[in-house]
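**Q** Sequential numbering from 16 applies to the sequence shown in my numbering.
Quick reminder that beta carbons are idealized off the backbone N, C-alpha and C, glycines included.
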Amino acid sequence: MRTVVCFVSLMLLSVVYSCKDSKDTSSETKPLTKESLRASIQEMEDSVSNSSNATASGAAYNLSQLELINRLTLYYRIYPEDPFSADCLFKVQMLYSGLNAHRKSIAYGDTILRKFPSYKNKHLVIESNVAALDVFLEPRDTAMIRTYYTMLLSDNEYPKTKKAEINRRLKFLHLSIFDYANLPQNRVVKK
């Protein structure tokens, strides 16, 4: 109950403060440049990082994360072709995953794969989508899991050892990841 009260209080303060700010700065509106947006994103990332290390309430921390998501998506909307936009979307994917909003996380991962097919962290994007589908979402969508695994298998840069594990996993895709981990050949033998 206290968390709800804190959350509502923070939201009200945020609305009041933002309304006050918009009146004061309406005559001095500056265009959003790449540099100013990047600085704003960095400032919010620092704030989120500091909040996670401090004893901030869960609601305040979540609000900070949501504000960071807003700034990252704003950059992408204004500069959709900029390579930094791919990093912004990747961070949004990871933030939503951390907030247990796995369907949103997958959607942002798919956007990265579609808009930035050569993205440097594309393997991690795909692996994150697989994890969300295989672990967190019910019912499991084995067709989508197979689609993502196929993407990794067809990628020449993906490590061969990981490809071998994917091929093995595909044979047992009907099993949940937990049941798969408990197969006799997957168990770690203690000596």
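With DSSP run on the structure shown, which of helix, strand or coil describes Pro95?
**A** In the sequence shown, residue 95 corresponds to position 80, counting from 1. The three-state reading of DSSP puts Pro95 in coil, since its state is none of H, G, I, E or B.
**Q** Buried or exposed: where does Lys137 fall if 16 or more other Cβ atoms within 10 Å of its Cβ makes it buried?
**A** Here residue 137 corresponds to residue number 122 of the sequence shown, with the count starting at 1. By the 10 Å Cβ count, Lys137 comes out buried.
**Q** For Glu172 and Val140, I'd like the C-alpha separation in whole angstroms.
**A** For the purposes of this step, residue 172 is taken as residue 157 along the sequence shown, with counting starting at 1. For the purposes of this step, residue 140 is taken as residue 125 along the sequence shown, with counting starting at 1. One C-alpha to the other measures close to 15 Å.
**Q** Looking at Tyr111 and Cys103, is the spacing between their C-beta atoms short of 8 Å?
**A** Along the sequence shown, one-based indexing puts residue 103 at 88. Along the sequence shown, one-based indexing puts residue 111 at 96. No.
**Q** Thinking C-alpha only, which one of Glu96, Leu128, Arg118, Arg129 is nearest Ala146?
**A** For this step, residue 146 is matched to residue 131 along the sequence shown. Selected option, being the one with the closest Cα: Arg118.
**Q** Here's a check: name, in chain order, each residue in its chain whose Cβ is nearer than 7 Å to the Cβ of Leu87, leaving out the five neighbours to either side.
**A** As a position in the sequence shown, residue 87 is number 72, starting the count at 1. Correct list, in chain order: Ile56, Cys103, Lys106, Val107.
**Q** In this structure, does DSSP put Asp39 in helix, strand or coil?
**A** Translated into the one-based positions of the sequence shown, residue 39 becomes position 24. Here Asp39 scores only 47 on pLDDT, less than 50, and its place in the model is too uncertain to base an answer on.
**Q** Take every Cβ of the segment 155 to 169, pair it with every Cβ of the segment 183 to 195, and state whether three or more of those distances are shorter than 8 Å.
**A** Taking 8 Å as the limit for Cβ pairs, the verdict is that the segment 183 to 195 does touch the segment 155 to 169.
**Q** Counting along the chain, where does the alpha helix (DSSP H) carrying Glu142 start and finish?
**A** As a first step, residue 142 is located in the sequence shown; it is residue number 127 there, counting from the start. First-last of the alpha helix (DSSP H) with Glu142: 137 to 146.
**Q** In chain order, what residues of the same chain have a beta carbon less than 6 Å from the beta carbon of Leu148, not counting five sequence neighbours either side?
**A** As a first step, residue 148 is located in the sequence shown; it is residue number 133 there, counting from the start. The answer, listed in chain order, is Asp156, Met159, Ile160.
**Q** Would you decide whether Gly124 is buried or exposed? Buried here means 16 or more other CB atoms lie within 10 Å of its CB.
**A** Position 109 of the sequence shown, counting from 1, holds the residue named residue 124. By the Cβ neighbour-count rule, Gly124 is buried, with 16 or more other Cβ atoms within 10 Å of its own.
**Q** Could you work out which residue in Ile121, Ala116, Pro98 is closest to Ser133 when comparing CA atoms only?
**A** For the purposes of this step, residue 133 is taken as residue 118 along the sequence shown, with counting starting at 1. Ranked by how close their Cα comes to the Cα of Ser133, the residues Ile121, Ala116, Pro98 have Pro98 in first place.
**Q** Enumerate in chain order the residues of its own chain whose CB-to-CB distance from Ala101 is below 7 Å, with the five nearest sequence positions on each side excluded.
**A** For this step, residue 101 is matched to residue 86 along the sequence shown. Non-local C-beta neighbours of Ala101 in its own chain, meaning closer than 7 Å and more than five positions away in sequence, comprise Ile127, Phe131, Tyr134, ordered along the chain.
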